[in-house]
Each structure stands twice: as C-alpha cells, then as structure tokens.
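>
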Amino acid sequence: MLLWTPQPQLSRVKRAKLIKPISRRPILPLGLVAIVIVALVVCSPLMGKLAAHEPFDYPSTSLRRPSGRALRASAQGKPQLGIPSPKVHPLPLSLAKWQRSEGIGDYFSQVKPTDVGYLIWSQFPVQISIEPFNLEEGEGSRKRYERWKKAIVAAIEEWDEYLPLEQVTGEGFADIVIKYAQPPWNPTFNPETGKFDIPRSRSAETSYKFYLSEDSPPILRHRMKVLISPGMAYETTLSAIRHELGHALGIWGHSPLETDALYFSQVRDPLPVSQRDVNTLKKVYQQATSLGWKLEPRE
Ligand SMILES: [Zn+2]
C-alpha cells in the first residue's frame, strides 16, 4: 500500500531562500522577538507499508529569545513589541458562504495550532508561485515538467473555489512557493540506539516559517514552501499537490478518512477536495490566530 508518511522535522532556516527581504538585514529595530521557525508536515506516498495508523507527532515550534540588538534597543527606552494576541480574521467570501451539509462532519480535531495560532491566511487572494521550467534540464524533460505543472494548476483551481488563490510569477512576493523538487532525504543519527534512522523516500513536503512584515509596527506573517517531486504520474502528482495545498492553506493535520484529500495515506483512486475538507478548512479559518496581526507593545 502506498502511503503518506508524516515525518515532521524541525530545523532552523539558515538558507532562508523564501525570506530574502528579511534575512540579510536588521529587521528588529524596535527590540522585537526574532522569529525564525520552520516546521514541516511530510507526506510521502511512494514507499512503505501501512502497519498501523502512525501517530502524527506535530512539529513543535519555538520562538527565539530577544537578540542582543533587541535588548540594547530596550535599554535605550524604545518600546518592546511582542506576539500579537490571537484574534479571529473575517472569513473570505467563498468560505463565508460555504454551508455544511447535514451529516457531513469534519476532522478539525486533528488540526493542531502552532505556538502563534492556526496557520490562517488573512490577505486574499493567497499568492502562489510555481517553479518555472529550468531550461538547463533540456527540452527532453519538458514534457515531464509540463505534466507536473498541469497537475499543480489543477489542484490550485480546485482549492480556489473555497479560498481565493492567485498564481504569481517569481518567488519574491509569493505566500506559497511550489518547487519542482524531491524533498531532501535526511537520515538522522539516533544517539540512543547508536544507529541512523533511515526515513522512507518522500515525494512531497510542506513547511512553513514565520517572519515580520516591514510595516510599522510589523505584522506577524508566514510563508509556505511545498516540494513536489518530478517524475510522478499525473494523477499521483495531482493527489500529492491537492493534499499538500490543504496543509499550506491551513489544514495542518490529517484526516482519518480516505475519501478526504488530507487523508494521511495515498489512496488508489484519489478524489477531489471533499466536503469534509472544506468543513475543516472553514472551521480552521474561524479560529483566532496571532498571524496577520500587528505586534503589540508588551510589559
Ligand atoms: Zn500530509
């Protein structure tokens, strides 16, 4: 059986490809808490057998302590700003008008918030960039890329019905960046056993990170990166990106039902985004979050 294997990892982002505007220069002039967090939810359909419903251990997140710069700013009498208190954003129209059908539930209980709340977008349309074809790969591989991209676009159109999405060119301003790439394969050393933990190969992966906008006061925002492997069949790619986009739009968890796009394991005949998926998405967007709000003065 094919499966999505959730293997959350937590790592510092040093490469920070997605947040160039804030990665090279001081961004915390007011003594803010620096926030650099990455967490991923990993779902790999290609290898392995399903022995049991593996417990999904959500990635923990952590906030860095104020930097030396922050402390100095504080000492100079400048205000210190902290994480915004969680508040509810207005629903986008498409979700506001979504009505639950009688007897169709959701799997909201499986969605876990981060330390700063649920991963909710508050500026619409959510901007998505799709990695363009790399000419260096040669024309021979263009067909493979086009098949991949067609699946990506189809999945974006599916979700766009429920949450406004827009394709943009270039990664610079994108909220969600979709990469034509296989997720890295990272065996880790387990000091307890003295052995390496060898993960299964993975075909898709979604990660997020938080950053501060350049507004004054800054707004706490997030970006998502989705890796989708090249070379899979169209239906497999579509199923993978549909699932990963669900994570990227805020469903940070998995459904126990295989008729849902966010089912944790890949299925033989994947279905479109389900009513339960949308019920869950709507419930996520009805929650309070610190994301999308201005930092607040703190004691
Ligand atoms: Zn997943």
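Be aware that the sequence shown starts at 1191, since it is given in my numbering, and climbs by one per residue.
We put the beta carbon where it would ideally sit given N, CA and C, even for glycine.
(1) Inspect the CB distances between the region 1301–1317 and the region 1428–1447 and report whether three or more fall short of 8 Å.
(2) Count the CB pairs spanning the region 1468–1475 and the region 1321–1328 that are closer than 8 Å, and state whether there are at least three.
(3) Under 8 Å: do the region 1369–1376 and the region 1417–1424 share three or more Cβ pairs, one atom per stretch?
(4) In its own chain, which residues sit with a C-beta less than 7 Å from the C-beta of Phe1379, not counting the 5 before and 5 after it?
(5) Can you tell me the Cβ-Cβ gap for Thr1359 and Ser1319, rounded? I've got them flagged as a contact below 8 Å.
(6) Apart from the five residues just before and just after Leu1281, which ones in its own chain have a Cβ nearer than 6 Å to its Cβ?
(7) Does the distance from the C-beta atom of His1412 to that of Leu1309 stay below 8 Å?
(8) Where are the beta strand (DSSP E) runs, 3 residues long or more, that stay fully inside the region 1377–1463, in chain order?
(9) Alpha carbon to alpha carbon, how far is Leu1447 from Tyr1453?
(10) Any heavy atom of ligand 1 closer than 7 Å to the CB of Phe1400?
(11) Quick one: Cα of Glu1434 to Cα of Ala1394, how far?
(12) Let me see if you follow: with CB-CB separation under 8 Å, is Ser1275 close to chain D or not?
(13) What does a CB cutoff of less than 6 Å around Asn1376 pick up in its chain, not counting 5 residues either side in sequence?
(14) Rounded to whole angstroms, what's the CA-CA distance from Ile1422 to Leu1355? Just pull it up for me.
(15) In angstroms with no decimal places, state the Cα-to-Cα distance between Trp1288 and Glu1348.
(16) Considering only the beta carbon of each residue, do Arg1432 and Gln1270 sit closer than 8 Å?
(17) Give the DSSP-derived three-state secondary structure of Ala1364 in the structure shown.
(18) Apart from the five residues just before and just after Val1278, which ones in its own chain have a Cβ nearer than 6 Å to its Cβ?
(19) Please classify Pro1374 as buried or exposed, where buried requires at least 16 neighbouring CB atoms within 10 angstroms.
(20) Pick helix, strand or coil for Val1301, following the three-state DSSP scheme.
Let's see:
(1) The answer is yes - the region 1428–1447 touches the region 1301–1317, with three or more Cβ pairs under 8 Å.
(2) Here the region 1468–1475 makes no contact with the region 1321–1328; the two share fewer than three CB pairs at distances below 8 Å.
(3) In short, these stretches touch, since the Cβ pair count reaches three.
(4) The residues are Phe1386.
(5) Here Thr1359 really is in contact with Ser1319; their C-beta atoms are around 7 Å apart, less than 8 Å.
(6) Correct list, in chain order: Tyr1475.
(7) Yes, Cβ-Cβ distance for His1412 and Leu1309 is below 8 Å.
(8) Listed in chain order, the complete beta strand (DSSP E) runs (minimum 3 residues) inside the region 1377–1463 are 1378–1380, 1385–1387, 1394–1402 and 1410–1418.
(9) The straight-line gap from Cα to Cα measures roughly 6 Å.
(10) Result no, Cβ not under 7 Å from ligand 1.
(11) Rounded to whole angstroms, Glu1434 and Ala1394 show a C-alpha spacing of 7 Å.
(12) Structure shown: chain D not included; a single protein chain is present.
(13) When the five nearest sequence neighbours on each side are left out, no beta carbon in the same chain lies closer than 6 Å to the beta carbon of Asn1376.
(14) This sequence places Met at residue 1422; Ile is not what is there. Their Cα atoms are separated by approximately 24 Å.
(15) Straight-line measurement puts the Cα of Glu1348 at about 15 Å from the Cα of Trp1288.
(16) Going by beta carbons, Arg1432 and Gln1270 fall outside the 8 Å limit.
(17) In the three-state scheme derived from DSSP, where H, G and I count as helix and E and B as strand, Ala1364 is classed as coil.
(18) Contacts found: Ala1478.
(19) Pro1374 comes out exposed.
(20) Coil at Val1301, not helix or strand.
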